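K.L.:
Take a look at this one; I'll ask things after.
Right under this line is the structure:
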């Protein structure tokens with residue numbers, strides 16, 4: 001009789017553990033969903049915070065350089081490598097500056113005669129998530145021949 005009672009207790013304990021496990025799985029799935037929603041919301045907020053930032057790529061690194069003057073010179077002239085992140089006053093001025101840089105196909109020597117003739121690029125600043133998404137989209141487009 002004692003063995004039957006012990007076995008019955010073990011079955012009850014296992015049943016309780018299964019119920020708790022199912023509850024925890026359900027709770028975990030809900031929390032994962034909430035984290036996903038919060039991650040998306042955070043990405044939107046981060047992207048909004050850097051909305052008026054541009055990344056300038058292709059400008060040679062120069063010792064003791066005044067990067068503010070370099071950015072201003074590139075903006076005014078519309079003319080190892082590191083990216084420069086610059087904030088512009090308005091979204092419209094950012095788009096105008098980027099259009100000018102793209103039309104002129106800027107190269108280093110057109111900005112400063114001491115620089116190499118490598119191309120200078122200007123792009124929207126993106127959050128890490130959006131940068132990865134953009135990279136994957138470019139790869140996908142290339143793979144499908146778009």
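Numbering (this note's numbering), first residue to last: 1 to 146.
Each residue gets a CB set at the ideal place from its N, CA and C atoms; glycine is no exception.
This structure is a prediction, so every number in the text was calculated from the model and none was measured.
(1) Please name the residue in 108, 137, 98, 1 whose C-alpha comes closest to that of residue 52.
(2) Does the Cβ of residue 3 have 16 or more other Cβ atoms within 10 Å, making it buried, or fewer, making it exposed?
(3) Short check: CB of residue 111 to CB of residue 59, under 9 Å?
(4) Rounding to the nearest angstrom, what Cα-Cα distance links residue 80 and residue 37 in this structure?
(5) Would you check if there are 3 or more beta carbon pairs closer than 8 Å linking the region 86 to 96 to the region 20 to 33?
(6) Using the beta-carbon count (16 or more within 10 Å), is residue 94 buried or exposed?
(7) Using 10 angstroms around the beta-carbon of residue 116, count the other beta-carbons present and answer buried if the total reaches 16, otherwise exposed.
(8) So for residue 85, helix, strand or coil by DSSP?
(9) According to DSSP, is residue 118 part of a helix, a strand, or is it coil?
(10) In angstroms, rounded to a whole number, what distance separates the CA positions of residue 8 and residue 17?
(11) Please state whether DSSP places residue 26 in a helix, a strand or coil.
(12) Going by DSSP, what residue range makes up the alpha helix (DSSP H) through residue 139?
(13) What is the C-beta distance between residue 105 and residue 119, in whole angstroms, given that I count them as a contact (C-beta under 8 Å)?
P.N.:
Result, derived from the coordinates:
(1) For the residues 108, 137, 98, 1, the minimum Cα distance to residue 52 belongs to 98.
(2) Under a 10 Å Cβ-count criterion, residue 3 is classified as exposed, with fewer than 16 other Cβ atoms of the shown protein chains found around its own Cβ.
(3) Yes, the Cβ-Cβ distance between residue 111 and residue 59 is below 9 Å.
(4) Here the model assigns residue 80 a pLDDT of 47, short of 50, so the residue's position is not dependable, and the following value carries that caveat. Spanning the two alpha carbons is a distance of roughly 39 Å.
(5) Not touching, per the Cβ criterion.
(6) Buried: at least 16 other Cβ atoms inside 10 Å.
(7) Residue 116 is classed as exposed because its beta carbon has fewer than 16 other beta carbons within 10 Å across all chains shown.
(8) Three-state result, residue 85: strand.
(9) Coil at residue 118, not helix or strand.
(10) Looking at the two C-alpha atoms, the distance is approximately 14 Å.
(11) Three-state DSSP puts residue 26 in a helix.
(12) Residue 139 -> alpha helix (DSSP H) spans 128 to 143.
(13) At roughly 7 Å, the Cβ-Cβ gap stays under 8 Å, so residue 105 and residue 119 are in contact.
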